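Peer 1: Input: one structure, supplied below.
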Amino acid sequence: MKTHFPLSLKSKELILTKPYQSIQLGASIKMQLNKKRLVIILISFLSIIHTILIQINVYHYLRIASTQQYIQIIPRFAKGGSQHTVVQLRSSDSIYGRDWWEKPVVVEEYNLIFFTIPKVASTEFKLLFHRMMGLPYDLPANGQVHTIQNPNENMLKTLDDYPLWKAQEMMNSPEWTKAVFLREPKERVLSAFLNKFVKDKSYFRNKCCNQNTLVEKHDRDKCKKMINRKNFGYFLNRTQDCSDPHWDPQVYAIDDKWWSKINFIGYMASVQEDTENLLRSLTSIKDKRTAWDKVGKDGWGSSDGTEGGFMQTNEARHAEHARDKMLLQYTPRTEQFVEKHWKVEWQHETFHFEEFHLFNETRGRGRG
Numbered sequence: 000m001k002t003h004f005p006l007s008l009k010s011k012e013l014i015l016t017k018p019y020q021s022i023q024l025g026a027s028i029k030m031q032l033n034k035k036r037l038v039i040i041l042i043s044f045l046s047i048i049h050t051i052l053i054q055i056n057v058y059h060y061l062r063i064a065s066t067q068q069y070i071q072i073i074p075r076f077a078k079g080g081s082q083h084t085v086v087q088l089r090s091s092d093s094i095y096g097r098d099w100w101e102k103p104v105v106v107e108e109y110n111l112i113f114f115t116i117p118k119v120a121s122t123e124f125k126l127l128f129h130r131m132m133g134l135p136y137d138l139p140a141n142g143q144v145h146t147i148q149n150p151n152e153n154m155l156k157t158l159d160d161y162p163l164w165k166a167q168e169m170m171n172s173p174e175w176t177k178a179v180f181l182r183e184p185k186e187r188v189l190s191a192f193l194n195k196f197v198k199d200k201s202y203f204r205n206k207c208c209n210q211n212t213l214v215e216k217h218d219r220d221k222c223k224k225m226i227n228r229k230n231f232g233y234f235l236n237r238t239q240d241c242s243d244p245h246w247d248p249q250v251y252a253i254d255d256k257w258w259s260k261i262n263f264i265g266y267m268a269s270v271q272e273d274t275e276n277l278l279r280s281l282t283s284i285k286d287k288r289t290a291w292d293k294v295g296k297d298g299w300g301s302s303d304g305t306e307g308g309f310m311q312t313n314e315a316r317h318a319e320h321a322r323d324k325m326l327l328q329y330t331p332r333t334e335q336f337v338e339k340h341w342k343v344e345w346q347h348e349t350f351h352f353e354e355f356h357l358f359n360e361t362r363g364r365g366r367g
């Protein structure tokens with residue numbers, strides 16, 4: 000017969016507390032797991048907030064940078080997947096910060112940025128842009144072209160109308176056509192002489208015969224005398240100490256770093272063909288028609304009363320007679336002077352000007 004001994008009070012407490020302790024332990028483990036999950040969720044949430052804040056700060060930085068000197072270089076991908084580095088646009092860059100009239104013109108409908116250069120049909124091209132934008136495209140009745148040339152009056156949009164960050168994006172985008180037309184250097188320098196020294200005497204006199212450029216009175220008097228004499232040699236010498244966009248080398252119209260972004264170059268020597276090719280390459284984002292079909296192929300009058308396409312009449316014939324005009328004004332010495340001081344034009348890797356000489360080695364007339 001088994002004898003049953005009564006449990007002590009301590010033993011009873013032990014038996015009763017074991018299940019309770021087990022329940023307490025499980026609850027504690029569960030609470031710790033919940034805390035870990037909460038920490039993980041909180042960390043994930045903070046990470047998302049951090050990422051959003053970074054994106055907001057980058058966007059804000061780019062907007063604010065439009066009032067600063069430059070934007071950081073940002074890696075981009077060109078059309079077709081080739082990687083390239085975006086060129087920085089500074090507020091001091093010539094294409095953005097210059098204060099003279101020949102600012103790059105933007106025609107948004109055709110994704111076009113056009114770099115007009117003085118003495119390279121800039122008036123004609125600005126009339127074209129007027130028509131492309133639905134604005135009047137006839138010269139003023141009084142013959143004054145300043146209303147077409149002056150960006151404060153001509154109603155054309157220019158690159159510096161955009162924030163710095165946006166202008167940089169446009170200049171680096173392969174979706175935008177960046178176009179410029181160039182003129183043979185000897186011909187262009189002569190054109191500047193005939194227009195700004197011979198025809199418009201006051202232009203050169205005010206620009207280069209003043210006290211800021213010539214300290215001595217006798218030098219200023221000589222300057223005015225040479226203007227009256229239409230002295231081409233004097234004009235050429237003065238271009239070296241009296242800078243002006245009309246006769247400075249064309250290469251300086253665009254900053255060196257931006258020439259690689261110019262994806263269309265036309266030439267006055269082939270202006271008829273090149274203008275048509277440019278306008279055929281531009282498509283309206285509104286109706287998908289080319290600029291040639293909409294505004295280029297007809298409706299352009301000329302001084303002889305004929306009508307035709309843009310740059311298809313007198314302007315084309317003008318290029319044919321350029322050499323004859325040069326032979327009337329140049330001498331062997333003045334030709335050598337231009338070849339020396341404008342040599343950067345022939346040496347520039349983008350321009351592709353063919354070197355030629357009006358005079359042969361013995362300084363006779365007309366070598367091709």
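Here the sequence shown is numbered in numbering that gives the first Met the number 0, starting from 0 and rising by one per residue.
Even glycine gets a Cβ: it sits at the ideal position worked out from N, Cα and C.
Every value quoted in this text rests on a predicted model; they were computed, and no experiment measured them.
(1) Could you compute how far the alpha carbon of Ala321 sits from the alpha carbon of Leu155?
(2) Taking C-alpha atoms, which residue in Asp159, Trp99, Arg97 and Ser93 lies nearest to Val105?
(3) State yes or no: is the C-beta of Cys222 within less than 7 Å of the C-beta of Cys241?
(4) Would Thr84 be called buried (16 or more neighbouring beta carbons within 10 Å of its own) or exposed?
(5) Suppose contacts are defined by Cβ-Cβ distances below 7 Å. Is Lys229 in contact with Val197 by that definition?
(6) Leu127: buried (16+ other C-beta within 10 angstroms of its C-beta) or exposed?
(7) Below 8 Å on the Cβ atoms is my contact criterion, and I expect Ser252 with Glu101 to pass it. Report the Cβ-Cβ distance as a whole number of Å.
(8) Who are the Cβ neighbours of Lys256 in its own chain at under 6 Å, not counting the five residues just before and after it?
(9) To the nearest angstrom, report how far apart Asp292 and Ser259 are at their CA atoms.
(10) For the beta strand (DSSP E) that contains Leu111, what are its first and last residues?
(11) Please classify Glu353: does DSSP put it in a helix, a strand, or coil?
(12) I need the straight-line Cα distance from Val294 to Lys165, nearest angstrom please.
(13) Could you tell me the alpha carbon to alpha carbon distance between Phe180 and Asp273, rounded to whole angstroms?
(14) Along the chain, where does the alpha helix (DSSP H) containing Phe387 start, and where does it finish?
(15) Are there 16 or more other CB atoms within 10 angstroms of the CB of Arg182, so buried, or fewer, so exposed?
(16) Does the Cβ of Val214 have 16 or more other Cβ atoms within 10 Å, making it buried, or fewer, making it exposed?
Peer 2: In short, the structure shows the following:
(1) 30 Å
(2) Asp159
(3) no
(4) exposed
(5) yes
(6) buried
(7) One detail in the question is off: residue 252 reads as Ala in this sequence, not Ser. Going by Cβ atoms, the distance from Ala252 to Glu101 rounds to 7 Å, so yes, they are a contact pair.
(8) Val86
(9) 29 Å
(10) Leu111 to Phe114
(11) coil
(12) 28 Å
(13) 9 Å
(14) This structure does not reach residue 387, given that the chain is present from 0 up to 367, and the question cannot be answered.
(15) buried
(16) exposed
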